[in-house]
Structure formats: C-alpha cells, structure tokens
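Input: a single structure, listed below in structure tokens.
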Amino acid sequence: MKYTMDVKMDVNTNRFTGTQKLEYSNNSPDTLGKVFYHLYWNAFQPGSMMDERSRRQGSVMIRGGRGESPDWDGRVRDRIANLKPNEMGYQKVTNLLMNGRQQKLIEHETILEVVLDKPILPKSKVTFELQFEAQVPFQVRRSGRDNAEGIRYSMSQWYPKLCEYDYEGWHPNPYVGREFYGVWGDFDVKITIEKSYIIASSGYLQNPNQIGYGYESAGAKVVRPAGANLTWHFIAPNVHDFMWAADPEYKHVTKTVRNGLVLHAFYKISAPHLQKAYEALPQNVKGRYKDVTAYMADYENQWKNVLPEAERALPFIEKTFGPYAYKQYSFVHGGDGGMEYAMATLLKGPSIGTVIHEWMHSWYQMMLGTNESLYAWMDEGFTSYAESRITAWLRKSNEWPYADDYAGYFFLVRSGREEPMTTHADHFNSNFAYSLAAYSKGCIFIEQLGYIVGAEVRDRILRNYYWQWRFKHPNANDFIVLAEKETGMKLDWYKEFWVNTTKTIDYAIDSLWEENGVSKIRMKNIGLMPMPIDVQLTFKDSTTESHYVPMNLMYGSKPVENSSVSRKNYSAWKWTSPTYVIETTRKLTDLRIAEIDPSQRMADIDRKNNRLELTW
Ligand SMILES: [Zn+2]
18 MKYTMDVKMD
28 VNTNRFTGTQ
38 KLEYSNNSPD
48 TLGKVFYHLY
58 WNAFQPGSMM
68 DERSRRQGSV
78 MIRGGRGESP
88 DWDGRVRDRI
98 ANLKPNEMGY
108 QKVTNLLMNG
118 RQQKLIEHET
128 ILEVVLDKPI
138 LPKSKVTFEL
148 QFEAQVPFQV
158 RRSGRDNAEG
168 IRYSMSQWYP
178 KLCEYDYEGW
188 HPNPYVGREF
198 YGVWGDFDVK
208 ITIEKSYIIA
218 SSGYLQNPNQ
228 IGYGYESAGA
238 KVVRPAGANL
248 TWHFIAPNVH
258 DFMWAADPEY
268 KHVTKTVRNG
278 LVLHAFYKIS
288 APHLQKAYEA
298 LPQNVKGRYK
308 DVTAYMADYE
318 NQWKNVLPEA
328 ERALPFIEKT
338 FGPYAYKQYS
348 FVHGGDGGME
358 YAMATLLKGP
368 SIGTVIHEWM
378 HSWYQMMLGT
388 NESLYAWMDE
398 GFTSYAESRI
408 TAWLRKSNEW
418 PYADDYAGYF
428 FLVRSGREEP
438 MTTHADHFNS
448 NFAYSLAAYS
458 KGCIFIEQLG
468 YIVGAEVRDR
478 ILRNYYWQWR
488 FKHPNANDFI
498 VLAEKETGMK
508 LDWYKEFWVN
518 TTKTIDYAID
528 SLWEENGVSK
538 IRMKNIGLMP
548 MPIDVQLTFK
558 DSTTESHYVP
568 MNLMYGSKPV
578 ENSSVSRKNY
588 SAWKWTSPTY
598 VIETTRKLTD
608 LRIAEIDPSQ
618 RMADIDRKNN
628 RLELTW
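Using our numbering, the letters of the sequence shown correspond one by one to residues 18 to 633.
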C-alpha cells in the first residue's frame with residue numbers, strides 16, 4: 018500500500034485542503050465490494066459518539082484513592098459539546114475515484130463507507146484518489162491546535178485513513194477516543210505551511226537544505242524558495258500511520274545514537290504557558306524552585322535530557338525486546354499526555370517514564386501491530402511491562418519494578434468493575450476498568466508468564482515473538498502458540514483464565530503436621546484460576562528449601578530459575594483438586610516460615626494466607 022499526499026495548511030483559519038492517492042493491493046483471498054476509511058476528526062463535534070460517550074462516563078462515579086470521581090477522561094469531559102464552529106474538527110472527502118471512476122460515498126460520522134462500482138478481486142491492485150478538506154479541532158484529545166502547552170498543531174489522525182481488512186474482515190471502528198489499528202504502507206507526504214513553522218513528523222525529510230531549522234546537512238547552506246510558505250517533503254516507509262506537528266517556536270535537537278539511527282527532539286519553552294503551569298503546581302513541588310525562572314530552566318533541562326537518556330537505554334532495549342527497525346525517531350512536544358505514532362510520539366512533557374513508554378510502543382504497536390481495539394493489553398500491557406523494566410534499568414534500581422502494576426490490578430479486582438481483557442477497548446463499561454485491564458493486568462500477563470515458565474525463558478519468548486511476528490499483526494493466540502513452542506508446555510489455559518475471564522488466583526498455606534518423622538504442609542486453592550506453585554520453606558537456622566508443584570494443564574515444568582538453590586519437584590497439581598500436600602524431612606519444629614511464591618510474581622489476590630510464620 019502506498020499513500021501519496023499533498024496538503025496545504027492555512028494557519029489563520031486552521032483549515033487545510035489536501036489530495037491523496039492510495040495504491041492499494043488486496044492481498045486477501047476475498048473479493049471486496051466496499052472499502053472503509055477513518056475520518057477521526059469528525060468526533061470533535063457536539064453530539065458525536067465520542068462526545069456522547071464521554072458525557073455518559075461523566076455520570077459513572079468511580080471510587081478511587083481520594084474519594085469518588087467521574088469516569089470520564091479529564092481532558093475530554095463535556096468539552097466537545099461546548100466547541101464553537103471555529104473550534105470543532107472535521108474531515109470531508111469531497112471526491113473519491115477508484116481507477117479514475119467516481120465512487121459512491123456514505124459518511125457515518127468518523128467512518129467513510131465507499132461502495133465500489135466494481136469489486137476488488139483477490140491479489141489485484143487499485144488506485145484511489147481523493148480530495149479532502151479539514152479543520153483542525155481545538156485540542157481536546159490527542160490531536161488538535163493550541164494545546165495546553167501552547168503548541169500550535171498536533172496533527173495525528175489527520176488524513177482519511179484506510180481501515181484494516183484482515184482475517185476478521187473490515188475493522189470500521191467508529192472513533193470514540195480510543196485505540197487504533199492500521200495497514201502498513203509507504204507514505205510520501207508534502208506539507209505546505211507558512212514559512213516560520215517548524216515541522217516534526219513520522220517521516221524522513223527529503224528537502225532538508227531547502228528547509229533548515231536543524232534538518233540541514235552539516236555545513237550546507239540553506240536556500241529557501243521565495244514566497245510566504247515552505248513545502249516540506251517527507252517519506253515514511255513501512256509504517257501504518259503518519260503524524261506531524263508544527264510550531265514556529267520549536268527547538269529542534271538531534272543525536273545519532275547508533276549506526277543508522279538518528280533521534281530527534283522538538284520542544285517549546287513558552288513563557289506564558291510555563292508561568293501558568295508553575296502557578297498551578299502543588300505547594301510542595303513549587304517549593305523546590307526558587308522562582309518561575311528556575312522552574313523554566315529545570316523544564317528545559319529535562320527536555321535536553323531526553324535524547325541522552327534514550328541513547329543510554331537503547332542497547333538494553335534492543336537486547337531485551339529486539340532492534341528498532343527504522344532510521345529515525347522523534348520525541349515531539351504536543352498533544353495532551355503521551356501518545357505513540359509511527360517513528361514519533363506526541364508528549365505533553367519530558368518525563369522519562371512517558372518518553373520510554375511511548376517509544377516502546379514502536380515495538381508493540383508500530384512494528385508488531387496488534388489490533389489495539391481487540392487486544393489493547395497486548396499493546397499497552399506489553400509496553401507498560403517494557404517501560405517498568407527499562408526505567409528500573411536506567412535508575413540502576415534493584416527493586417522489583419512491577420509493584421505498582423500489581424497494585425493497580427488488585428485495586429481493579431476489589432472495585433468489582435473488572436471486565437475480561439477480551440472486551441473490545443471501546444466497549445468497556447468504564448474507562449477505569451479499561452485502563453487497569455489494558456495497562457496493569459496486561460503488564461502482569463508478561464511478568465506472571467515469567468513465574469510460570471521461568472524469567473529467562475519468558476525473555477526468549479519476548480525476543481522470538483518480536484522476530485516471528487514483526488510486521489504481521491499477531492493476536493493473542495499467536496503469542497500463546499509461540500510461547501508453547503518455546504517452552505514445550507501447554508499455555509492455552511493461561512490465556513483462557515487470565516485473558517478471557519475475570520477469575521482470580523488465591524492459594525493459601527492450609528495446615529502443617531508431622532507424620533512418621535516427615536513434616537507435611539498442605540496447601541489449598543481458594544481461587545478460581547489454577548497456577549503452578551513455588552513454595553519456599555525457611556528454617557530456624559536460616560537455611561531454605563525450594564519446592565515446586567506444576568499444574569496439570571501445563572503438561573510440563575518450569576526449569577529451575579535459580580541454579581544455586583536445589584529444588585524439590587512434585588507431580589502436577591490437578592486443577593480440580595482443592596488441596597495438595599508437600600513434605601520435608603526436616604523437623605516441623607525447625608520450620609520458621611512456609612511461603613507460596615515469595616517472588617510475588619503470581620497475582621494472588623490475598624497474599625496474607627500465602628505465608629505462615631511459625632512460633633513454636
Ligand atoms: Zn501506551
């Protein structure tokens with residue numbers, strides 16, 4: 018697939034017009050009588066599905082750490098309902114041709130249906146040509162103009178984007194503010210905009226010496242064409258999205274971090290916006306700065322630190338998660354939080370955790386490309402796992418980095434609002450349950466897999482998952498089948514319980530006794546999800562014993578994780594059996610602690626009963 022686009026932005030009206038040529042190959046075995054495009058910005062109109070959904074969530078009250086609050090996204094709330102005509106967004110396709118012939122268009126708010134006059138046959142190729150016009154919405158969510166940090170344009174989801182057709186058919190997902198899925202292709206994009214604007218984008222700039230602004234080759238003399246505008250020409254090969262951002266006050270820095278990879282950062286130090294941000298700081302944070310000038314200097318230093326930190330993390334990232342496949346990545350000040358795009362991210366600020374998180378989406382969203390609407394946890398969850406692991410490595414911390422992810426999941430379980438991770442991202446009853454399922458429970462999926470198969474084997478699974486499924490849109494099954502091949506174990510049960518249901522894990526130490534000189538320890542399965550069990554016994558003389566009970570659905574055992582400790586292995590605990598007895602030849606009165614999973618990687622919802630401390 019290949020997009021060729023040419024757009025002209027009017028910075029006075031915040032409107033642009035564009036042409037798009039899309040060369041589309043039907044690689045499926047199916048005959049296509051229709052195609053669908055996304056028109057995301059039509060969501061930013063009063064009464065849109067996104068507006069209705071957000072306002073509805075505003076009436077759902079969620080009990081959090083600090084009392085009750087509405088379930089809506091604090092950035093969206095009822096703001097769409099209040100947009101004035103010049104603040105709304107829209108995307109209109111004014112004319113669409115297939116192979117030169119006019120096609121019938123049916124607009125469904127954020128989805129454009131194209132009824133084709135002739136079907137596209139399997140293994141054939143067609144060319145779509147369209148004209149479109151759009152108004153950049155006032156920044157509400159992800160894209161827009163004039164965001165809270167004063168960035169003029171955050172241009173994501175800005176062009177008519179073909180929906181994905183895969184083994185499940187078309188995915189014409191109306192936009193209600195959530196996840197994305199797209200088709201890989203090559204982008205060739207020309208953007209014409211007023212000369213003072215500096216553009217950051219998903220693509221490689223093709224005319225750097227006509228542009229300058231930090232893009233020019235070393236020592237080159239920048240010669241800009243005459244006129245009030247500049248035309249920027251970008252190409253982005255093999256991506257499934259194209260984002261750009263523009264502001265006249267961007268500072269642009271670059272760093273070559275390894276052979277074949279240049280990182281860019283674009284940020285804006287806007288005095289009025291930073292003054293406002295400084296005044297809004299909580300007292301205890303504000304107190305750290307002498308005055309607003311000190312605050313601004315610190316803010317700029319944090320931005321300057323982004324590329325060196327990214328460079329420092331890169332070798333660890335590539336060793337653990339696989340190589341970054343493109344020649345460029347840009348950290349761009351814009352948007353309203355942190356949001357991932359192809360070869361770039363929009364960041365509200367320079368926090369390193371968010372910087373790493375959004376960059377890691379390049380692995381799970383941009384290179385692997387799971388359908389995020391259906392498997393948000395395979396994108397947000399895996400990305401959050403990587404973020405926690407990498408940021409701990411950057412801090413040189415020896416602490417286990419997933420405590421917050423587990424705490425988030427336990428909070429979700431206690432709330433009674435949990436829904437299965439198989440729920441479509443748009444269809445969760447609450448944003449609260451969506452977020453904790455996708456980010457926290459999804460992150461635990463990986464860390465807990467390490468408990469089941471062993472951490473080293475889990476790491477091998479992650480690397481092979483990357484190599485086998487890069488640029489292929491894996492689903493949950495694909496991951497599990499790969500993990501089964503890597504381990505020789507059956508792991509379908511892990512997906513069935515952890516992903517498809519809200520069943521929880523709760524094991525306990527039940528009772529102890531001595532029988533014919535052998536000490537027996539009985540464990541009990543109280544929960545509804547079965548797991549293999551690690552038990553550690555600690556004796557009065559401080560020696561320990563490690564016991565391991567696989568679970569019968571695994572048809573296998575985890576390899577010994579810590580080779581310096583000998584492990585006593587048992588036959589499998591059948592998932593239907595409520596109890597299991599392990600034993601030791603040490604005297605019961607010598608035992609001080611019996612503990613199930615001292616690593617705490619198993620997401621047992623009641624840990625109090627996992628550990629028995631004895632006082633004889
Ligand atoms: Zn994310």
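Cβ atoms here follow ideal geometry from the backbone N, Cα and C, with glycine treated the same way. As the structure is a computational prediction, the values presented were derived from the model and not from experiment.
Rounded straight-line distance, which links the Cα of Pro367 to that of Lys303: Here residue 303 refers to the residue found at position 286 when the sequence shown is read from its first residue. Here residue 367 refers to the residue found at position 350 when the sequence shown is read from its first residue. Straight-line spacing of the CA atoms in Lys303 and Pro367 works out to 18 Å.
Close beta carbons around Val52, own chain, < 6 Å, minus the five adjacent residues each side: Here the question's residue 52 lines up with position 35 in the sequence shown. Cβ within range, chain order: Val131.
Val323 in three-state terms, based on DSSP: As a first step, residue 323 must be located in the sequence shown, where it is residue number 306. Collapsing the DSSP output to three states places Val323 in a helix.
As assigned by DSSP and simplified to three states, the class of Lys293: Mapped onto the sequence shown, residue 293 falls at position 276. The answer is helix: DSSP assigns Lys293 an H, G or I state.
Beta-carbon gap between Ser629 and Ser536 smaller than 8 Å: Taking the first residue of the sequence shown as 1, we reach residue 629 at position 612. Taking the first residue of the sequence shown as 1, we reach residue 536 at position 519. Checking the sequence shown, residue 629 turns out to be Leu, not Ser. No, these two residues do not count as a Cβ contact at 8 Å.
Asp607 versus Asp558: straight-line alpha-carbon distance, rounded: In the sequence shown, residue 607 corresponds to position 590, counting from 1. In the sequence shown, residue 558 corresponds to position 541, counting from 1. Roughly 8 Å separates the two Cα atoms.
Which listed residue (Val274, Glu211, Lys272 and Gly433) has its alpha carbon closest to that of Ala243: Taking the sequence shown and counting its residues from 1, one reaches residue 243 at position 226. Minimum Cα distance to Ala243 is reached at Glu211.
Heavy atom of ligand 2 within 7 Å of Thr400 beta-carbon: Among the ligands modelled here, namely ligand 1, ligand 2 does not occur.
Coarse secondary structure for Ala611, derived from DSSP in three states: Against the sequence shown, residue 611 aligns to sequence position 594. Note: Ala611 maps to strand in three-state DSSP.
Whole-angstrom C-beta distance between Leu324 and Ser282, which should lie under 8 Å: As a first step, residue 282 must be located in the sequence shown, where it is residue number 265. As a first step, residue 324 must be located in the sequence shown, where it is residue number 307. Note that residue 282 is Ala in the sequence shown here, rather than Ser. Distance from Ala282 to Leu324 at the Cβ level is roughly 5 Å; contact confirmed, criterion being Cβ atoms closer than 8 Å.
Cβ separation of Ala361 and Tyr381, assumed to be a contact under 8 Å, to the nearest whole Å: Numbered from its first residue, the sequence shown carries residue 361 at position 344. Numbered from its first residue, the sequence shown carries residue 381 at position 364. Contact doesn't hold; Cβ gap of about 16 Å is too wide.
Close beta carbons around Arg584, own chain, < 8 Å, minus the five adjacent residues each side: Within the sequence shown, the letter at position 567 stands for residue 584. Hits under 8 Å: Ser563, His564, Tyr565 and Val577.
CB-CB length for Glu389 against Phe197, believed under 8 Å: Numbered from 1 along the sequence shown, position 372 holds the residue referred to as residue 389. Numbered from 1 along the sequence shown, position 180 holds the residue referred to as residue 197. About 6 Å; that satisfies the 8 Å criterion.
For Phe155, the three-state DSSP class (helix, strand or coil): Stepping through the sequence shown from its first residue, residue 155 is reached at position 138. Strand at Phe155.
Contiguous beta strand (DSSP E) assignments of at least 3 residues, all confined to the stretch 114-180: The qualifying runs are 121-125, 128-137, 142-152 and 170-172.
Whole-Å CB distance - Arg329 paired with Leu411, under 8 Å assumed: Taking the sequence shown and counting its residues from 1, one reaches residue 329 at position 312. Taking the sequence shown and counting its residues from 1, one reaches residue 411 at position 394. In this structure Arg329 touches Leu411 by the C-beta definition: roughly 7 Å separates them, less than 8 Å.
Inter-residue Cα distance where the pair is Arg94 and Trp530: As a position in the sequence shown, residue 94 is number 77, starting the count at 1. As a position in the sequence shown, residue 530 is number 513, starting the count at 1. Their backbone Cα atoms lie some 59 Å apart in a straight line.
Residues bridged to Thr209 (per DSSP): Translated into the one-based positions of the sequence shown, residue 209 becomes position 192. The partner list for Thr209 (beta bridge, DSSP) reads Lys25 and Thr248.
Among Pro189, Ala98, Glu181 and Ala611, nearest to Val636 - alpha-carbon criterion: Limits of the chain in this structure are 18 at one end and 633 at the other, which puts residue 636 out of reach.
Which listed residue (Glu612, Ile522, Ser588 and Trp592) has its alpha carbon closest to that of Phe556: Numbered from 1 along the sequence shown, position 539 holds the residue referred to as residue 556. It is Glu612 whose Cα lies nearest to the Cα of Phe556.
Beta-carbon contacts of Lys591 that lie in its chain and below 6 Å, excluding the five residues immediately before and after: In the sequence shown, counting from the first residue as 1, residue 591 sits at position 574. These residues qualify, in order along the chain: Asn569.
Lys520 versus Thr504, Leu545 and Tyr511, residue with shortest Cα-Cα distance: Within the sequence shown, residue 520 is the residue found at index 503, counting from 1. Of the candidates Thr504, Leu545 and Tyr511, the one whose C-alpha sits nearest the C-alpha of Lys520 is Leu545.
Within 8 Å, strictly: CB atoms of Phe145 and Leu114: For the purposes of this step, residue 145 is taken as the residue at position 128 of the sequence shown. For the purposes of this step, residue 114 is taken as the residue at position 97 of the sequence shown. In contact: Phe145 and Leu114 (Cβ atoms closer than 8 Å).
Same chain, Cβ closer than 8 Å to Tyr221, five either side skipped, listed in chain order: Walking along the sequence shown from the start, residue 221 turns up at place 204. Here Tyr221 has Phe251, Ile252, Ala253, Lys344 and Gln345 as same chain residues with Cβ atoms under 8 Å from its own Cβ, once five neighbours each way along the sequence are excluded.
Environment of Pro418 [buried if 16+ CB atoms lie within 10 Å]: On the sequence shown, position 401 is the one that residue 418 refers to. Counting Cβ neighbours within 10 Å, Pro418 comes out buried, since at least 16 surround it.
Heavy atom of ligand 1 within 7 Å of His378 beta-carbon: For this step, residue 378 is matched to residue 361 along the sequence shown. Yes - ligand 1 has a heavy atom lying nearer than 7 Å to the Cβ of His378.
Beta-bridge partners of Gln37, as assigned by DSSP: For the purposes of this step, residue 37 is taken as residue 20 along the sequence shown, with counting starting at 1. The partner list for Gln37 (beta bridge, DSSP) reads Met22 and Leu147.
Whole-angstrom C-beta distance between Gly231 and Arg241, which should lie under 8 Å: For the purposes of this step, residue 241 is taken as residue 224 along the sequence shown, with counting starting at 1. For the purposes of this step, residue 231 is taken as residue 214 along the sequence shown, with counting starting at 1. Taking the Cβ atoms as the reference, Arg241 lies roughly 14 Å from Gly231, outside the contact range of under 8 Å.
Backbone CA spacing between Leu466 and Pro437 [nearest angstrom]: Within the sequence shown, residue 466 is the residue found at index 449, counting from 1. Within the sequence shown, residue 437 is the residue found at index 420, counting from 1. Note on geometry: alpha-carbon atoms of Leu466 and Pro437 lie some 18 Å from one another.
Cβ distance (whole Å) where Glu166 is taken to contact Lys365 below 8 Å: Within the sequence shown, numbered from 1, the residue matching residue 166 stands at position 149. Within the sequence shown, numbered from 1, the residue matching residue 365 stands at position 348. At roughly 6 Å, the Cβ-Cβ gap stays under 8 Å, so Glu166 and Lys365 are in contact.
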